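Participant: There's a structure below that I have some questions on.
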Amino acid sequence: MYKFILSLRYMYKRRISYLAFLAVALCVFIVVIVMTVLRGLVTDFKQKNHNFIGDCVIGTESLVGFPYYEEFINILENQNFVEAVSPVIKNYGLLSPRYSDLNQGVELLGIDPVKHSRTTAFKESLFYHRDNVSNAFVPPYEPNLPGCVPGIDLVLERDERGNYRQFERPFELGLSISVFPLTPKGALAKAGLGLVNTKTFYYSDNSHSGLARVDNSTVYLPFNQAQLLCGMQSPIERASWIHVKFTPDTKLEDSCVKVRSLWLEYKQTLSNKPGAELLAGVDVRSWREHRRSYIAAMEKEQVMMTLMFILVGLTTVFIVFVVFYMIISHKSKDIGVLRSIGVSKTNVIHLFSFFAFVMGLSASLVGAFFGWLFLSKINEIESWLFEHFDFQLWDRTIYAIEDIPNNVEIRTLTVIIMSAIIACLVGALLPSWKGSKLNPIDALQVSRL
Amino acid sequence: MLKLFLTLRYLRKRKIVLLSVVAVALSVALLIVVSSLFAGFIEVFERSAVEAIGDVVVFPPARFTNYPHFIHRLEQTNAVDSATPVLSARGLVHLDNGNVRPVDIWGIDPVSRSRVARFKESLISQESSLFESSTYETAVNALVGIAVLSEPDEKTDEYDMDAVRKMIGSTIILTTGTVSRQQSTDDQTSPKITRKTLQLVIQNVVFTGVYDLDKRFVYVPIEQLQKLLYPEQESPVTDQLQIKLSENADEATALAQIRGVWEDFAQTRLGWDQSLIHQTTIITAKELQKNFVVELYKQMGLLMLIFGVVSLGVVVLIFCIFYMIVDTRQKDIAIIKSCGTSNVSVLSVFVGLGCFVGVLGSVVGVVFAYIITRNINTIEKWISSLLGLKLWKSSVYMFSKIPNQIDWSLALQIILFAVLAAALGALLPAIVAAKTKPVNILRYE
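Top to bottom, those sequences are chains A and B.
So the first sequence is numbered by my numbering: it starts at -5 and just counts up by one.
So the second sequence is numbered by my numbering: it starts at 216 and just counts up by one.
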């Protein structure tokens, strides 16, 4: 009990401890804000990637694709851990709007909109056909024309607040798409015949995945037409990827292992079939593995930022150390009295460690509270700053970031508070140890009083 | 003399002062490293644009002919050193089995381009001359960006140069398209997209170190691209002009001169009307990057602000340490005051000590920051080999090397800030010391 009373008393009476309190609170305040924003950006980016891919993919980076995908889809659909499966054609194409001489290299994704929406968040990325995804490739101005869904940045411009001006219905726009059709061996399928396949598709909807690289360079086409355009319909039908969504109660990694073993089993049964050599490059990956190169960069930046804060946070440890050193130097008589009535050295260390703990906990709670308060208003503050001073944290015409993430995560908060407490304990350790070694005879001798 | 003596004595005898030196050094080092990396990145970003496209670019609203005459007239002005045409298009290249990439195609004149941009130096084989005549009758020689042909290794971020060199001499297929006007039924012209394909022989590989450029571009002779895209055009055609300014040319004057020459040329030689002429963008390479550079500076400022605020802890730390020194050295202070030292002199002892801590901490911090920044690429390599984790990738951060130059002007500002912060931290304890009454401290009882 005396430890508790003395801790509170020292904190209240020794004004110098306010400084350590302030330093810890300020540090926690800044770290909570920066880490919440940074973590929010990373989590949001990961979630968008997950939404774009689904849970797992089976396929190959080669644009030739791989055959016998339909049978494997049937196998997957019969598994109780699989919720939905969607085959995808991937290729690169040259896109030209019909009434301009602009050409643009784009990534083409051939999909079945219904299956793909069950597997990924394709449906949610659409603007006009969210409630009727089966018509995603039906241009409302001419339903008989073949439709396409370009990434939103290919057809609309983002304003300074990061919003797009969507029209009531898709405007009439023909997009001529050219592709190199490839044989199963990867050679040009139309050698000597103009070499490319060209077909005009009509703008039927736009897709906003929130991933800049996807939204400014991807065009979705109907699966069959993409397959035809890319020469993947003959002599053997091929697909580039199979996207899979698992049932909610399954673990991602376990399910990926199951899919991998199913694939290996299936691949063995095809070894003597024509085109079986294309199956060699087919890989099974979780969405995290598939998008690792993109996600890792952001995660690394988060780690680097954490390391930098640890470095800067060392100053706070020094402050705590100095403050405790001062307090203990001034309280040598208290320690002498405590020791003389039988309090052990360990208990003296406990007393000051408890003081450090109380200080770390209270300061970090205050810092975290103000951090949370600031974060809860951060988007309003940014809007106000933009309105009055034309200042934005991120220029939304350049970065595909919507609101500033401000959702304080309990785990992050706990880690920050724990770190602050540990920093206080570390800072107080040496002075406490020095205090515990104080000899009561020396501390209480009359000449020193 | 007494002040210096006491300052040095406290620094030597009171070991705790060293803690504040360490804290200042840490903060200064961190701020200098972060600001130098950011400033270096921005500088390399701006420089790479100038090296890729020259100092000034002329973007007319439409393609134009007779550009050699325009270049000749530009080069007669004292503001322009040289100029080069670019005919651009977009397309797809089929590299080998199952390997297709979207690319930007630039039709260039290699000789004038080498004068305007840093082009020749970025070719990986320096032996062959630019665009030698092709050994294949129907094929055209091309220079291809290294990242079009190969991706850097996941772990080392380096290209397999042997494999890339082996691709020199191989044939690739390029497809691109043009829009031609066709007479439609209702007496109006409607555009028709015509796809064109071209066989290219990789004559050399371009490695600028800027991933975006290396990933996107295929260069072919401008005449060949014109022949492919606009066979009906007899006189040379281009859609942009890139200009290198003379050594001491003033940018604003040069832009005005270029605009004057352009307006005259467009009016007299091309017969363009005023509205078309005024739609022409004449802009410096740096101005082209301005939006992004401003954004980078903003982020750097924010990061510095965040670390700066956290580093304010140093002020608190110095305050605490100095307060402790003043508290425990009251007798010293009382004695020197009783010998006739003024309040200001006592104040200056402690503020001077604070400044000294700031200077010493800054010097240590600068040395530390210099070592880290200059060796940042080696450090990054160590971390990569230790953790198997590549921190810096050209595909993410554009450049293959981390900028490793100290920004001395920013470093100087940080040092000044650190010294001021240290003096500020020492100020209050110094005032307390100055106000010490020797009578109270030195009385016998």
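Glycine residues also receive a C-beta, built at the ideal position from the N, C-alpha and C atoms.
All values derive from a computational prediction rather than experimental measurement.
(1) Is the Cβ-Cβ distance between P175/A and P229/A less than 8 Å?
(2) Give me the residue from L2/A, I27/A, C21/A and F(-2)/A with the minimum Cα distance to L367/A.
(3) Ends of the beta strand (DSSP E) at G53/A?
(4) The alpha helix (DSSP H) that contains F565/B, what's its start and end?
(5) For L13/A, which residues in chain B fall below 8 Å Cβ to Cβ?
(6) Please list the residues of the stretch 293 to 322 of chain A that have a C-beta atom closer than 8 Å to any C-beta atom in chain D, keeping them in chain order.
(7) Counting only the same chain and skipping the five closest in sequence on each side, list residues whose C-beta sits under 7 Å from that of L0/A.
(8) With respect to the beta strand (DSSP E) encompassing L664/B, which residues constitute its N-terminal and C-terminal limits?
(9) Quick one: Cα of K267/A to Cα of E366/B, how far?
(10) Just to confirm before moving on: does the CB-CB distance between I268/B and A332/B stay below 8 Å?
(11) Which residues, in chain order, does the stretch 356 to 387 of chain A contribute to contact with chain B at a C-beta distance below 9 Å?
(12) If you follow the alpha helix (DSSP H) that R291/A is in, where does it begin and where does it stop?
(13) Take V108/A and list the residues in its own chain whose beta-carbon comes closer than 8 Å to its own, dropping the five residues that flank it on each side.
(14) V284/A: buried (16+ other C-beta within 10 angstroms of its C-beta) or exposed?
(15) Quick check on this structure: which residue in G141/A, D199/A, I304/A and E151/A has the alpha carbon closest to the alpha carbon of I392/A?
(16) Between the beta-carbon of G384/B and the beta-carbon of I417/B, is there less than 8 Å?
(17) Just to confirm, is the Cβ distance from F303/A to A422/A under 8 Å?
(18) Looking at the secondary structure, which residues open and close the alpha helix (DSSP H) in which I533/B lies?
(19) Output needed for D401/B: all residues of its chain with C-beta closer than 6 Å, excluding positions within five of it in sequence on either side, in chain order.
(20) Please report the distance separating the alpha-carbon of Q386/A from that of S377/A.
(21) Kindly list, in the order they appear in chain B, the residues whose Cβ is closer than 9 Å to that of G99/A.
(22) Does any residue of chain A have a CB that is nearer than 8 Å to the CB of M613/B?
(23) Where does S385/B fall in DSSP's three states?
(24) What number of angstroms, rounded off, separates the C-alpha of M299/A from the C-alpha of F15/A?
(25) State yes or no: is the C-beta of L460/B within less than 8 Å of the C-beta of D319/B?
(26) Do you know how far the Cα of R544/B is from the Cα of E154/A?
(27) Which residues in the same chain as A350/A place their Cβ atom closer than 6 Å to its Cβ, once the five residues preceding and following it in sequence are excluded?
(28) At what residue ranges does the stretch 333 to 390 of chain A contain a whole run of the beta strand (DSSP E), taking only runs of 3 or more?
(29) Considering just the uninterrupted stretch of the alpha helix (DSSP H) at D209/A, what are its terminal residues?
(30) Pull out every residue of the stretch 388 to 402 of chain A whose Cβ sits closer than 9 Å to any Cβ of chain B, in chain order.
(31) I think A240/B touches G580/B, with their Cβ atoms under 8 Å apart; what is that distance to the nearest whole Å?
(32) Going along the stretch 193 to 215 of chain A in order, which residues come within less than 9 Å of chain B, judged by CB to CB distance?
(33) Do we get a CB-CB distance below 8 Å when we pair N85/A with the residues of chain B?
(34) Classify G486/B: buried if its beta carbon has 16 or more other beta carbons within 10 angstroms, exposed otherwise.
(35) Using a Cβ cut-off of 8 Å (strictly closer), state whether K650/B contacts chain A.
(36) Is the separation between the beta-carbon of S172/A and that of N200/A shorter than 8 Å?
Facilitator: Checking against the coordinates, here is how it stands:
(1) no
(2) I27/A
(3) C50 to G53
(4) N558 to R589
(5) V531, F534 and C535
(6) The structure shown contains no chain D; the protein chains it does contain are A and B.
(7) L345
(8) Nothing in the structure corresponds to residue 664/B, since chain B is present only between 216 and 660.
(9) 32 Å
(10) yes
(11) F385, Q386 and L387
(12) The sequence given here places Ala at residue 291/A; Arg does not occur at that position. Element bounds for A291/A: R286 to H324.
(13) V127 and S128
(14) The sequence given here places His at residue 284/A; Val does not occur at that position. Flag for H284/A reads buried.
(15) E151/A
(16) yes
(17) no
(18) G528 to T543
(19) Unreliable positioning characterises D401/B in this predicted model, as indicated by a pLDDT of 49, which lies under 50. The coordinate reading is nonetheless provided below. So the list is empty, once near-sequence residues are dropped.
(20) 8 Å
(21) R305, G306, L307, R316, P317, V318, D319 and R431
(22) no
(23) coil
(24) 24 Å
(25) no
(26) 60 Å
(27) C418, L419 and A422
(28) none
(29) A206 to D209
(30) W388, D389, T391, I392 and Y393
(31) 4 Å
(32) T194 and S211
(33) yes
(34) exposed
(35) no
(36) no
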